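Below is one structure, written out as structure tokens; the observations come after it.
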Amino acid sequence: MVKLRQKVSGCDRTLTGARRFTAIRSSLAIAAKHGITLFQLIEGKP
Numbered sequence: 001m002v003k004l005r006q007k008v009s010g011c012d013r014t015l016t017g018a019r020r021f022t023a024i025r026s027s028l029a030i031a032a033k034h035g036i037t038l039f040q041l042i043e044g045k046p
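Residue numbers (our numbering): 1 to 46.
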């Protein structure tokens with residue numbers, strides 16, 4: 001996951017940015033484990 005973040009933006013600029021990224025990333029991972037797509041997660045219709 002660290003390499004992915006580096007490839008996308010070079011690095012995390014702030015601690016707040018890093019926390020936001022990990023919160024979003026973990027939400028997507030949990031949704032995927034439950035078979036929920038990204039669009040369902042965004043719409044709030046799991």
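A virtual CB, placed ideally from N, CA and C, is assigned to each residue, including glycine.
A quick note: this is a predicted structure, and the numbers were derived from the prediction, not measured.
Fill in: Alpha carbon of residue 27 to alpha carbon of residue 16, nearest angstrom
17 Å
Fill in: Contacts around residue 37, its chain only, beta-carbon distance under 8 Å, and the 5 residues preceding and following it disregarded
31
Item to complete: With residue 17 as the anchor, note down where its alpha helix (DSSP H) starts and where it stops.
Response: 15 to 33
Discussion item. I need the straight-line Cα distance from residue 33 to residue 43, nearest angstrom please.
Written reply: 18 Å
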